[in-house]
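Heads up: the protein sequence lines correspond to chains A and B, in order.
Start counting the first sequence at 382; every next residue gets the next number (our numbering).
Start counting the second sequence at 60; every next residue gets the next number (our numbering).
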Amino acid sequence: NAGVTQTPKFQVLKTGQSMTLQCAQDMNHNSMYWYRQDPGMGLRLIYYSASEGTTDKGEVPNGYNVSRLNKREFSLRLESAAPSQTSVYFCASSEIGLPTYGYTFGSGTRLTVV
Amino acid sequence: AQSVTQLDSQVPVFEEAPVELRCNYSSSVSVYLFWYVQYPNQGLQLLLKYLSGSTLVKGINGFEAEFNKSQTSFHLRKPSVHISDTAEYFCAVSESVGNEKLTFGTGTRLTIIP
Numbered sequence: 382n383a384g385v386t387q388t389p390k391f392q393v394l395k396t397g398q399s400m401t402l403q404c405a406q407d408m409n410h411n412s413m414y415w416y417r418q419d420p421g422m423g424l425r426l427i428y429y430s431a432s433e434g435t436t437d438k439g440e441v442p443n444g445y446n447v448s449r450l451n452k453r454e455f456s457l458r459l460e461s462a463a464p465s466q467t468s469v470y471f472c473a474s475s476e477i478g479l480p481t482y483g484y485t486f487g488s489g490t491r492l493t494v495v
Numbered sequence: 060a061q062s063v064t065q066l067d068s069q070v071p072v073f074e075e076a077p078v079e080l081r082c083n084y085s086s087s088v089s090v091y092l093f094w095y096v097q098y099p100n101q102g103l104q105l106l107l108k109y110l111s112g113s114t115l116v117k118g119i120n121g122f123e124a125e126f127n128k129s130q131t132s133f134h135l136r137k138p139s140v141h142i143s144d145t146a147e148y149f150c151a152v153s154e155s156v157g158n159e160k161l162t163f164g165t166g167t168r169l170t171i172i173p
């Protein structure tokens with residue numbers, strides 16, 4: 382089925398370890414986003430990519446880096462994980478003309494940093 | 060910059076009773092408004108959206124929302140809820156010109172009591 386695929390679904394890291402969260406969409410969308418979801422705080426934008434080759438910081442970018450590898454893929458990297466990065470991470474994509482289509486979300490990656 | 064306030068973090072409702080989930084927004088420009096639903100352990104799905112025109116918009120699963128510009132509100136309603144409506148509901152806003160990033164509220168957890 383067409384949509385946004387995130388891997389892995391679950392991950393436990395030790396403080397200081399690094400990892401990359403993968404996201405791929407097969408809807409030919411131009412824009413892609415990474416959000417984190419924490420209890421009582423809703424979804425907060427980490428980074429976004431308006432089009433292939435561009436990335437911009439969102440509301441909470443510290444401690445993260447991103448790569449827009451091609452039009453389909455947008456990865457999120459934690460260089461040195463901290464317990465404060467324990468969260469559920471969602472990737473989303475949208476076509477130019479957001480109002481018509483909204484965002485399509487992946488099913489999330491639940492990350493625990495111990 | 061835009062912002063969204065969902066004052067009710069949790070709303071318990073008896074099955075077949077009506078429900079209203081409140082959403083207020085703040086923006087210096089005209090906006091588009093969205094409601095998303097998140098079922099347990101899943102990503103977010105678009106429930107409905109307001110772009111322009113009629114202030115009463117209908118979405119999936121019998122939900123509707125009314126845009127009130129003077130009160131800067133976009134409350135979500137359903138006349139009769141079912142057990143399957145148990146989920147977390149997020150209101151979101153984007154500016155109608157230029158910036159297409161969504162800003163989310165903190166969410167309202169709807170619990171249906173049998």
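Positions of the beta carbon are idealized from the N, C-alpha and C atoms, including for glycine.
Small disclaimer: the values here were computed from a predicted structure and weren't measured.
Against chain A, the CB of B/Thr165 has a partner CB under 7 Å away; the residue lies at that interface.
By the neighbour-count criterion, in which a residue is buried when 16 or more other Cβ atoms sit within 10 angstroms of its Cβ, B/Ser85 is exposed.
Comparing alpha carbon positions, the residue from B/Asn120, B/Lys128, B/Ser89 closest to B/Ile142 is B/Asn120. Listed in chain order, the positions of the region 422-444 of chain A with a beta carbon within less than 7 Å of a beta carbon of chain B are Met422, Gly423, Leu424, Leu426, Tyr429. Contact between the region 86-94 of chain B and the region 66-75 of chain B is absent: fewer than three C-beta pairs spanning the two stretches fall below 8 Å.
By the 16-neighbour rule on beta-carbons within 10 angstroms, A/Thr485 is buried.
Residue pairing for B/Tyr98: DSSP places it in no beta bridge. When 7 Å is used as the limit between beta carbons, A/Tyr484 is near these residues of chain B: Leu161, in chain order. Taking 7 Å as the threshold, the shortest C-beta distance from A/Ser474 to chain B does not fall below it. Secondary structure within the region 452-476 of chain A: the beta strand (DSSP E) runs of 3 or more consecutive residues, fully enclosed, are 455-459, 468-475 (chain order). Under a 10 Å Cβ-count criterion, A/Asp407 is classified as exposed, with fewer than 16 other Cβ atoms of the shown protein chains found around its own Cβ. Three or more Cβ pairs closer than 8 Å define a contact, and the region 451-458 of chain A meets that threshold against the region 409-425 of chain A. Assignment of B/Gly121 by DSSP, reduced to helix, strand and coil, places it in the helix class.
At a Cβ-Cβ threshold of 7 Å, B/Val96 and B/Ala146 count as neighbours.
When DSSP states are grouped into helix, strand and coil, B/Ser86 belongs to the coil group.
Judged by pairs of C-beta atoms under 8 Å, the region 469-478 of chain A does not touch the region 120-138 of chain B, as fewer than three such pairs exist. Looking at the backbone, the Cα of B/Thr162 and that of B/Ser132 are separated by about 15 Å.
In the three-state scheme derived from DSSP, where H, G and I count as helix and E and B as strand, B/Ser143 is classed as helix. Residue burial annotation: B/Gly102 is buried, with at least 16 other C-beta atoms found within 10 angstroms of its C-beta.
Across the set A/Gln466, A/Ser488, A/Gly487, the C-alpha of A/Gln466 shows the shortest separation from the C-alpha of A/Ser399.
Interface annotation, B/Leu66: not in contact with chain A, CB-CB separation never under 7 Å.
Neighbours of B/Phe93 in chain A, taken as residues whose beta carbon is under 8 Å from its own, are Gly483 in chain order.
Per the DSSP secondary-structure output, B/Lys137 pairs in a beta bridge with B/Val78.
Under the three-pair Cβ rule at 8 Å, the region 488-495 of chain A counts as touching the region 385-394 of chain A.
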